[in-house]
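Chains A and B, in that order, are what the protein sequence lines are. Here the first sequence is numbered in the UniProt record's numbering, starting from 1 and rising by one per residue. Here the second sequence is numbered in the UniProt record's numbering, starting from 1 and rising by one per residue. Let me begin by presenting the structure, written as structure tokens, before commenting on it.
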Amino acid sequence: MSPRLRFVLRRLALTIPVLFVMSVFIFLIIRLVPGDPVRTMLGFRATPANVAQVRAQLHLDDPLWTQYRDWITGVLHGQFGQDFISKAPLGELLAQRIPVTLELTLLSMLLAVAVGVPLGVRAAVGGRWARRLTEGFVVFGISVPDFWLGIMLVLFFSGTMMWLPPSGFISFAEDPGGNLHYMILPVLTLAVAEAAYIVRTTRGSMLGVMGRPFIVYLRAKGTRERSIVYRHALRNAAAPIATVIGIQFGVLLGGAIVVETLFALPGVGRLIVTGINQRNYPVVQAGLLVVATFFILISLITDVVVGFIDPRVSDRGQS
Amino acid sequence: MTGAVLQIEDLRVRIPVPGGRWVGAVDGVTLAVGSGEIVGLVGESGCGKSTLGGAVMGLLPGGSEVSGRVLLDEEDLRGLTDEQYRRIRGDDIALVSQDPASSLDPTFSVGAQVAEAIRNHRDVSRRAARERAVELLGIVGIPDPRARYADPPHRFSGGMKQRVVIAAALANDPAVLIADEPTTALDVTIQAQILHLLRDLTVRSGTGVLLITHDLGVVAQVCDRVAVMYAGQVVEQGTVRDLFARPLHPYTRALLDSQPAAHHRSGDLPVIPGRVPDLTEPPAGCRFASRCAHVHDRCATAPPVIGMPNGGQVACWLHQAVTEEVR
């Protein structure tokens with residue numbers, strides 16, 4: 001077996017316990033939130049008998065262990081359970097919501113990488129102006145909170161200029177152009193901070209690599225400066241950048257909750273927020289499960305990518 | 001020497017240091033390397049020998065000032081544009097540097113790094129470069145080169161990595177090879193193998209080698225001629241045989257005396273008293289004067305470079321009586 005394949009398999013095996021622990025946390029954490037789902041559902045006029053009846057129906061009186069077992073068995077069979085309130089099967093609901101969140105986060109990350117990596121490289125190897133401008137951008141991007149930036153973008157692009165819709169959503173299948181039109185502001189809101197982190201990491205990592213002796217040796221071989229910077233140095237600098245991108249995906253998924261609420265996008269984030277307000281346990285569990293699994297998958301991909309970029313990582317621990 | 005592939009004339013390099021001062025790291029060095037010849041450049045750490053190598057490669061730290069001439073096949077390299085210099089580096093002049101572990105890019109396969117040296121200068125297909133790289137890896141003694149082509153550097157030992165660096169350096173049959181302490185980071189047994197490999201390959205292809213080292217043992221093993229550098233200046237040069245048999249400059253003598261040798265088994269090694277002068281403010285006269293056992297009033301003025309009948313040169317007042325000044 002090649003060391004790379006072995007590395008991927010080992011990393012894959014490690015995600016199984018992580019997924020298990022995560023599911024336990026998700027299950028417990030929503031039950032730790034004060035408030036009772038049945039009382040929220042039935043309102044303040046419900047009689048104790050009503051409440052007891054509904055609790056029994058929803059199996060909320062079962063021991064936690066039994067509730068967890070029932071839930072996780074369902075999930076493993078592809079059954080996410082039912083919405084406490086609407087009784088809608090959550091599988092269908094998620095199938096509608098997941099693409100919206102995925103589109104939002106992936107487009108934001110794509111934009112952030114496309115802007116952040118080249119800017120970070122210029123900041124490391126460019127002149128004084130390149131450095132100053134990127135430093136300004138980094139400070140701005142990291143300090144400005146996403147909800148504020150989102151509101152300002154709406155005020156300017158929708159309010160003053162009337163170029164873009166302030167909120168709403170059209171699915172990509174229905175109208176691709178319209179979908180992108182609605183996505184511009186949310187994606188921009190999320191991407192700015194991401195790009196700032198990526199610029200900062202790229203710059204630091206590139207500065208470290210450009211000072212290493214093999215760069216001098218590449219020049220001594222007559223390698224073109226462009227190739228030294230983008231082929232050799234960037235590849236050596238890539239592991240920390242990829243790691244930050246992976247971690248920032250988690251931040252992005254968190255940010256998606258805010259941005260989906262702000263721009264009224266029907267994504268998983270907004271589903272979770274509504275679910276929490278209603279103490280709608282199955283909805284919150286399913287939503288968090290999706291988001292967390294997505295993040296674990298991204299981390300897995302990040303590690304594998306880093307292993308492919310740097311052969312020393314995938315060789316480690318094999319001998 | 002005429003017909004030299006590399007001729008350095010009155011080279012001076014000043015490097016800026018913090019505080020607005022300058023280090024005159026190389027100060028008026030004249031040196032020539034002939035085709036197929038190995039010239040050793042010896043001196044202590046900080047004497048400017050690596051800076052000299054950097055000046056020839058056009059790879060000095062930013063802000064350095066260089067004057068004098070560096071002639072490669074009688075063409076002056078000074079005043080070339082960056083792109084013209086890039087075309088020469090790795091093609092006409094190549095470098096083998098000190099630490100093979102840090103001169104290779106850890107994320108690229110060794111073969112790709114040799115092939116890159118070819119494709120930087122030759123318009124050949126990837127496949128042709130690859131074939132040539134496999135061949136070169138074989139020539140420098142990598143066992144089973146076709147299979148090892150795709151291996152990353154960390155799967156090779158230090159000596160094997162240095163062989164890869166040599167393969168990349170010799171890929172385009174350079175006229176001149178600068179070998180900057182090529183064996184310092186290696187085990188003693190591997191050192192000899194690498195030195196002999198370098199010697200065999202360069203003599204065969206007629207490449208002139210400037211071998212920068214602090215180790216007189218290395219010079220004795222492979223060099224034809226040797227130049228001794230002290231505080232940025234060449235104090236003596238000559239054939240290896242003459243210089244070892246009859247060192248003329250007091251510094252050369254002291255250097256040879258402080259080499260551990262088989263015949264002194266007991267007792268302390270002689271050391272040279274004093275310290276290397278501060279090159280931000282070099283002394284006016286002979287730079288070795290403060291440490292020299294033969295110091296004299298005349299040493300307060302810079303000594304002339306004196307040509308000896310055997311072709312050697314020495315910069316010391318002690319030998320002025322022997323023959324007339326060359327310049």
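Quick reminder that beta carbons are idealized off the backbone N, C-alpha and C, glycines included.
Please look up how many angstroms separate the CB atoms of residue 352/B and LEU60/B, rounded, as I've assumed it's under 8 Å. The displayed coordinates of chain B run from 1 to 327. Any statement about residue 352/B would go beyond what the structure contains.
Given GLY150/A, which residues of its chain have a CB within under 8 Å of its CB, disregarding the five upstream and five downstream residues? Taking the first residue of the first sequence as 1, we reach residue 150/A at position 150. Cβ neighbours of GLY150/A beyond the five flanking positions: LEU185, PRO186, THR189, VAL258, VAL259, LEU262 and PHE263.
Determine which residues of the segment 209–227 of chain A have a Cβ less than 9 Å from any Cβ of chain B, and write them out in chain order. ARG212, PRO213, PHE214, ILE215, VAL216, TYR217, LEU218, ARG219, ALA220, LYS221, GLY222, THR223, ARG224, GLU225 and SER227
Enumerate in chain order the residues of its own chain whose CB-to-CB distance from ILE301/A is below 8 Å, with the five nearest sequence positions on each side excluded. Within the first sequence, residue 301/A is the residue found at index 301, counting from 1. Excluding positions up to five away in sequence, the list reads GLY246.
is_contact[PRO311/A, chain B] using C-beta, thresh 8 Å: Taking the first residue of the first sequence as 1, we reach residue 311/A at position 311. Interface residue, yes.
Between the C-alpha atoms of ARG86/B and ALA315/B, what's the straight-line distance to the nearest angstrom? Numbered from 1 along the second sequence, position 86 holds the residue referred to as residue 86/B. Numbered from 1 along the second sequence, position 315 holds the residue referred to as residue 315/B. Approximately 35 Å, taken between the alpha carbons.
Taking the Cβ atom as the reference point for each residue, do ASP310/A and THR107/B lie within a distance shorter than 8 Å? The residue you call residue 310/A lines up with position 310 of the first sequence. The residue you call residue 107/B lines up with position 107 of the second sequence. In contact: ASP310/A and THR107/B (Cβ atoms closer than 8 Å).
Out of curiosity, what's the CA-to-CA distance linking VAL203/B and ILE296/A? For the purposes of this step, residue 203/B is identified with residue 203 of the second sequence, where counting begins at 1. For the purposes of this step, residue 296/A is identified with residue 296 of the first sequence, where counting begins at 1. Roughly 59 Å between the two C-alpha positions.
Nearest neighbour of PRO282/B, chosen from HIS296/B, SER103/B, THR301/B and VAL271/B [CA to CA]: In the second sequence, counting from the first residue as 1, residue 282/B sits at position 282. Answer by Cα proximity: THR301/B.
Nearest to LEU94/A (by Cα), restricted to the options MET210/A, LEU106/A, GLY81/A and ILE30/A: Within the first sequence, residue 94/A is the residue found at index 94, counting from 1. Closest option to LEU94/A, Cα to Cα, is GLY81/A.
Where the beta strand (DSSP E) through PRO16/B begins and ends: By one-based count along the second sequence, residue 16/B stands at place 16. Residues 4–17.
DSSP on GLN318/A, reduced to helix/strand/coil? Taking the first sequence and counting its residues from 1, one reaches residue 318/A at position 318. Since pLDDT at GLN318/A reaches only 46, below the 50 mark, its modelled position is unreliable, and the value read off the structure follows with that caveat. Note: GLN318/A maps to coil in three-state DSSP.
Meets three-Cβ-pair contact criterion under 8 Å: the segment 127–136 of chain A and the segment 224–243 of chain A: no
Can you check which of these residues, ASP303/A, VAL306/A, VAL283/A and SER299/A, is closest to GLU92/A by C-alpha distance? Against the first sequence, residue 92/A aligns to sequence position 92. Here the closest residue by C-alpha is VAL283/A.
Do you know offhand how far PHE140/A's Cα is from VAL13/B's? Counting from 1 along the first sequence, the entry for residue 140/A is found at position 140. Counting from 1 along the second sequence, the entry for residue 13/B is found at position 13. Distance between the alpha carbons of PHE140/A and VAL13/B: 44 Å.
CB-CB under 8 Å to ARG45/A, same chain, minus the five flanking residues each way: which ones, in chain order? Indexing the first sequence from 1 puts residue 45/A at position 45. So no residue of the chain qualifies.
Starting from THR213/B, follow its DSSP beta bridges and name the residues at the other end. Position 213 of the second sequence holds residue 213/B. DSSP, once it has assigned bridges, lists VAL42/B as partnering THR213/B.
Answer with buried or exposed for GLN57/A, where buried requires no fewer than 16 other C-beta atoms within 10 angstroms of its C-beta. The residue you call residue 57/A lines up with position 57 of the first sequence. Exposed.
Using a Cβ-Cβ cut-off of 8 Å (strictly less than) and excluding sequence neighbours within five positions of HIS121/B, which residues of its own chain qualify? Translated into the one-based positions of the second sequence, residue 121/B becomes position 121. Answer for HIS121/B: ARG87, GLY90, ASP91 and ASN172, listed in chain order.
Where do the N-terminal and C-terminal ends of the alpha helix (DSSP H) with TRP148/A fall, by residue? As a working mapping, residue 148/A is identified with position 148 in the first sequence. Looking at the DSSP string, the run of the alpha helix (DSSP H) that includes TRP148/A is 146–153.
Tell me whether residue 406/B is buried or exposed, calling it buried when 16 or more other Cβ atoms sit within 10 Å of its Cβ. As shown, chain B starts at 1 and ends at 327. That puts residue 406/B outside it, with no answer to give.
Counting contacts by CB-CB distance shorter than 8 Å, is THR213/B in contact with chain A? One-based indexing of the second sequence puts residue 213/B at position 213. Not one chain A Cβ lies under 8 Å of THR213/B.
Kindly identify the DSSP beta-bridge partner or partners of VAL234/B. Translated into positions along the second sequence, residue 234/B becomes position 234. In DSSP, VAL234/B forms a bridge with MET229/B.
Determine the chain B residues that contact ASP315/A at a beta-carbon separation under 9 Å, and present them in chain order. Along the first sequence, read from residue 1 onward, the residue named residue 315/A stands at position 315. Simply PRO152, HIS154 and ARG155.
Just to confirm the assignment, what range does the beta strand (DSSP E) spanning ALA32/B have? Here residue 32/B corresponds to residue number 32 of the second sequence, with the count starting at 1. It spans 21–34 - the beta strand (DSSP E) in which ALA32/B sits, taken as one unbroken run.
When you compare the segment 39–48 of chain B with the segment 223–231 of chain B, are there three or more beta-carbon pairs, one atom per stretch, that lie closer than 8 Å? yes
For the ligand SAM, I want to know if ALA95/A counts as a neighbour, meaning its beta carbon is within less than 7 Å of at least one of the ligand's heavy atoms. This structure lacks the ligand SAM; in fact it carries no ligand of any kind.
For GLU59/B, which residues in chain A fall below 7 Å Cβ to Cβ? Counting from 1 along the second sequence, the entry for residue 59/B is found at position 59. Note that residue 59/B is Leu in the sequence shown, not Glu. Neighbours of LEU59/B on chain A, chain order: VAL216, ARG219 and ALA220.
Looking at the C-beta of ASN280/A, does it have a partner C-beta in chain E at a distance below 8 Å? In the displayed structure, chain E is absent; the protein chains listed are A and B.
Within 8 Å, strictly: CB atoms of LEU170/B and LEU201/B: For this step, residue 170/B is matched to residue 170 along the second sequence. For this step, residue 201/B is matched to residue 201 along the second sequence. Yes; because the gap between Cβ atoms is below 8 Å, this pair is in contact.
Here's a check: name, in chain order, each residue in its chain whose Cβ is nearer than 8 Å to the Cβ of ALA192/B, leaving out the five neighbours to either side. In the second sequence, residue 192/B corresponds to position 192, counting from 1. Taken in chain order, the residues that qualify are GLN221.
Using the three-state DSSP reduction, which class does SER158/A fall into: helix, strand or coil? Against the first sequence, residue 158/A aligns to sequence position 158. In the structure shown, SER158/A sits in a helix (DSSP, three-state: H, G or I).
Does ARG6/A get closer than 8 Å to chain B when you measure Cβ to Cβ? On the first sequence, residue 6/A is found 6 positions in, with the first residue counted as 1. With 8 Å as the cut-off, ARG6/A does not count as an interface residue toward chain B.
Looking only at C-alpha atoms, which of GLU236/B, ASP99/B, GLY58/B and VAL33/B sits nearest to ALA4/B? As a first step, residue 4/B is located in the second sequence; it is residue number 4 there, counting from the start. Per the Cα distances, VAL33/B.
Return yes when the Cβ of VAL17/B is within less than 8 Å of the Cβ of VAL23/B, no when it is not. By 1-based counting over the second sequence, the position of residue 23/B is 23. By 1-based counting over the second sequence, the position of residue 17/B is 17. Contact flag set, yes.
Ignoring anything shorter than 3 residues, give me the beta strand (DSSP E) runs that lie fully in the segment 90–124 of chain B, in order along the chain. 93–96
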